[in-house]
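First residue of the sequence shown? That's 1 in UniProt numbering, and the numbers climb one at a time after it. All residues carry an ideal CB built from backbone N, CA and C; glycine is no exception.
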Amino acid sequence: MITEYDDFTWKTSFVRPMQSEVVNALRRGDRQRASMLLSNFHHTKEALTKEDFSYILEYCAEAPDPLLFQYFQFVMETLELMEEKAIGMSKSIYRYVIRALSRGGYAREALHWLAVLGEKESTHATIPIFNIFLNAFGSRADLKDAECCLEILESLFLGKSEITYCELLKLAVLQGNLPAAYDIWKDCSRYYSPSIITQRRFIRALTALGDLQSAYHILQHMVVLAARSSDYLRVSSKRRYQSSRLDIPVPALNEFEDLTLPSCQGKLATGEHLVDAQPELFEEKTQSGNNLSYKGVDGAANTLKSAPNAVKQILRWAFNDVLHACVQFNNCQLAEHLFTEMQKIGLQPSSFTYDGFVKIVIAGKGIAYANKVIKAMERRGIGLYSDTLAALSVGHSNSSQLDLAEELLERISEIKPKHIHAINALLSGCAIMNEPERAVRILAKMKHVNMKPTLRTYELLFSLFGYVNVPYEEGNVLSHVDVSKRISIIEMDMFNNGIQHSFVSMKNLIRAFGSEGMIEEMLRYLNIAENILWNINPYQKSDLYSIALHALVDAKETHRAVMIFKIMRSCSLPTNILIYNTMIECCKWLPCFKSASALLSLMLRDGFNPTVVTFTSLLKVVLANDDFEWALDLLDICKIEGLQPDIQIFNTVLSHAYARGKIHVLEYIVECIHRAKIQPDPSTLWYTFCAYEEHELYNTAIEALLVLSMRMISEDVSILSEKRIVFEDLILSEEPDAELRIIRAFQAGEEFFATALLNLRWCATMGATISWSPEESLWARRLASSYDANKRPHINPSDVPKSWRRNQLNHPYWKAY
């Protein structure tokens, strides 16, 4: 019979007192007294038999791992005494000795006793003892010891049992040897009809090795076997399932003769078209030769209804193995297929099944679909694993639903260190949404449950708390002191936990100092990063320099920025479009368009084409000289180059027109924005409104604010009409918390809607009439008429400087500079 060979318990009520005293001394850890008591066996007048030593050796074989070394010595002492007393060895004695030696890592001694056993007992009943050895050394992935054991088996013509194949399979998994797993399966299925327990072990192994397709293939046969087989499964004293059928290590006639894996074996499953590559699960087939006749889904379901609960449990575990492997390989299609088939054949998904299914649908179909699965679980009264809650929290954090993410973390009854990834995901969401207050709450929770931060935690903390005023206002002396204090605390805690800086943590630190305008500290950390991160690649080093360049330009440190850029060029560090755009923008502080042109030429020679951001940087240089005519030409050239302008490039011109009081330029740009079907943003509204207000054109300012707020909601009049009733209720509400309702009505990413409605509500308060047809506004009509009357002459593409592509700066547009 197939038995759990490691489930040996010496069962007798006739344990002699001397044995009991020795074992009790070993239990107390009194090794010296145990040896002294064992030596007393020399002086006993009673005849000693192997039963007098069986209890001692059994205890040594089952000893806890930390005591294995001293028990190995005690086992050797016991064997010497038995040899001196000429006491013969039984199979149970061999079993205990080999188990004790194998678990202790004494391969040579254990192999010696295996050879002795084989010479004395060349029967198949000794194979379980060989399996004990493979079990112990297989966990260490020691191929040489396993090969020696197999050589002894072959020399004694003992063959292999099903459990032998399972132990060899463990060794293949530990070595990551997928071809070996195929060979083991082929050999095992040739000589055996693999039991449902064995098949489940192969499924686990194949999923661990990355071959979902072969595991899926075996799962098909496993369901058929579960539906047909009458094998009785029993539960061992260690709560493990065991098969009751005979385990004879010789070829056996069976209906699964030479069960082969799919022809595409050897290819690690990536999840693409995996289901399509296999026959439909449990589809009807006719039996022909060695082909297996599958039962249909309904037939399998009807048969499994009467199957023992143990069989159903093992089958459910096998489905779970494949389904959880789908999470690792991101195969949502197969996971859904397996989940559906489980229910079709009458296997109700467990909490562990749902755990894997929820994780894969979050990745494959999004958090909204996962929430539907959770509701189905709750209707069935199935509890959620802590890991499931953590996965859901990560999903909500990634979608910026931080309230739900935090709530799900609170529902975890016992937060463990493995849940740190969920906390890090929430901290990342806090960094993206700029919610340091929530992050402080999360850190307090971590401290309360004594959870240690990881490197990723510290990287996020530098990003969250490395600045004070940004992005709302510039840094000052007080904020600089606060920033330094925060970063010192984080760094001290980081080093106390034995965590060193990474590229990302240094990158976030340099960015934080740069954002606060702490230039000296930023450059000092840039120097530190170069010293401690000596193994970073050139692209990462270039990334650090890029951050420093951006901060230096913002701080008007033009000479330092030029110096850093020259260092990059001299060290042959790779550049990118962002670095060139930053350096072109740096030229606005000189202001020198020739330098910007030289940088543009260098950028083109390096193979980078200009982007909208490049044109925005050029505009800033041109506008520094108050040359609005050339700025408008650049806007036209940008369009000719095939680039779609964004609101930022128009706002660049608007801000300068507002600062210089050029209302006619401002109005022209506003109409350009409208003609380009680009929605304005709050900055557009601010520059326009303030320009009129500073010229005391108050009615025009309010009218412009009304029109632009409508356009910020939508450029489509039909959409405005559809939302009119809902929006008017918010705008004209007389409730004291009307503004708060407007703010709460829109989720993250929809702030522009709230801003527009608040503007419209303010206009209504000022007595303006809200019109949902902004094109009928007199102001809008005047701007359209003025644009048509004063339309700039179209620039012929052939007149555009060829320097954009050929690096020749000889066109009249450039000669003026």
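Neighbourhood of residue i by C-beta, 7 angstroms cutoff - its chain only, sequence neighbours within 5 removed
i           : result
residue 19  : 52, 55 and 56
residue 25  : 33, 34 and 37
residue 787 : 668 and 671
residue 543 : 507
residue 370 : 358, 361, 362, 392 and 395
residue 480 : 516 and 518
residue 720 : 710, 713, 714 and 772
residue 659 : none
residue 207 : 215, 321, 322 and 325
residue 127 : 158, 161, 164 and 249
residue 596 : 584, 587, 618 and 621
residue 467 : 483, 512, 515 and 516
Exposure of residue i, with buried meaning 16 or more beta-carbon neighbours within 10 Å
i           : result
residue 343 : exposed
residue 563 : exposed
residue 416 : exposed
residue 763 : buried
residue 568 : buried
residue 189 : buried
residue 614 : buried
residue 606 : exposed
residue 58  : buried
residue 514 : buried
residue 783 : buried
residue 556 : exposed
residue 559 : exposed
residue 17  : exposed
residue 179 : exposed
residue 353 : buried
residue 725 : exposed
Own chain, CB closer than 8 angstroms to residue i, minus 5 neighbours either side, in chain order
i           : result
residue 201 : 166 and 169
residue 620 : 585, 588 and 652
residue 768 : 702, 703 and 706
residue 152 : 111, 114, 115, 118 and 130
residue 657 : 628, 663, 665, 666, 669, 687 and 691
residue 779 : 700, 703, 704 and 707
residue 205 : 169, 170, 172, 173 and 181
residue 476 : 469
residue 102 : 110, 132, 133, 135, 136 and 137
residue 695 : 661 and 663
residue 330 : 271, 360, 363 and 364
Assumed close pair residue i, residue j - CB separation to whole angstroms, cut-off 8 angstroms
i           : j           : result
residue 396 : residue 367 : 6 angstroms
residue 502 : residue 578 : Not quite, the Cβ-Cβ distance comes to about 22 angstroms (not below 8 angstroms), so this is no contact.
residue 400 : residue 429 : 6 angstroms
residue 322 : residue 212 : 7 angstroms
residue 538 : residue 573 : 5 angstroms
residue 426 : residue 406 : 6 angstroms
residue 625 : residue 591 : 6 angstroms
residue 612 : residue 646 : 6 angstroms
residue 226 : residue 304 : 6 angstroms
residue 673 : residue 680 : 6 angstroms
Nonlocal neighbours in the same chain, by C-beta distance under 6 angstroms from residue i, ignoring five residues either side
i           : result
residue 61  : 96, 99 and 100
residue 669 : 650, 653 and 654
residue 525 : 509 and 510
residue 163 : 131
residue 280 : Unreliable positioning characterises residue 280 in this predicted model, as indicated by a pLDDT of 38, which lies under 50. A coordinate reading is not provided.
residue 383 : 351
residue 806 : Below a pLDDT of 50, predicted positions are generally treated as unreliable, and residue 806, at 43, falls in that range; no measurement from the model is reported.
residue 561 : 549, 552, 553 and 586
residue 630 : 622
Min CB distance residue i to chain B below 7 angstroms
i           : result
residue 592 : Absent from the structure: chain B. Only one protein chain is present.
Check whether the stretch 511-531 and the stretch 490-498 touch, using three or more Cβ-Cβ pairs below 8 angstroms as the test. no
Contact between the stretch 105-112 and the stretch 78-90 (3+ Cβ pairs under 8 angstroms): no
Hey, is the stretch 406-415 in contact with the stretch 383-394, meaning 3+ C-beta pairs nearer than 8 angstroms? yes
Count Cβ pairs between the stretch 483-492 and the stretch 429-444 that sit closer than 8 angstroms; are there 3 or more? no
State whether the stretch 753-770 contacts the stretch 633-650, with contact taken as three or more CB pairs (one from each stretch) at a distance under 8 angstroms. no
Evaluate contact between the stretch 307-320 and the stretch 212-227, counting only Cβ atoms and requiring at least three cross-stretch pairs below 8 angstroms. The stretch 307-320, when compared against the stretch 212-227, does touch it at the 8 angstroms Cβ threshold.
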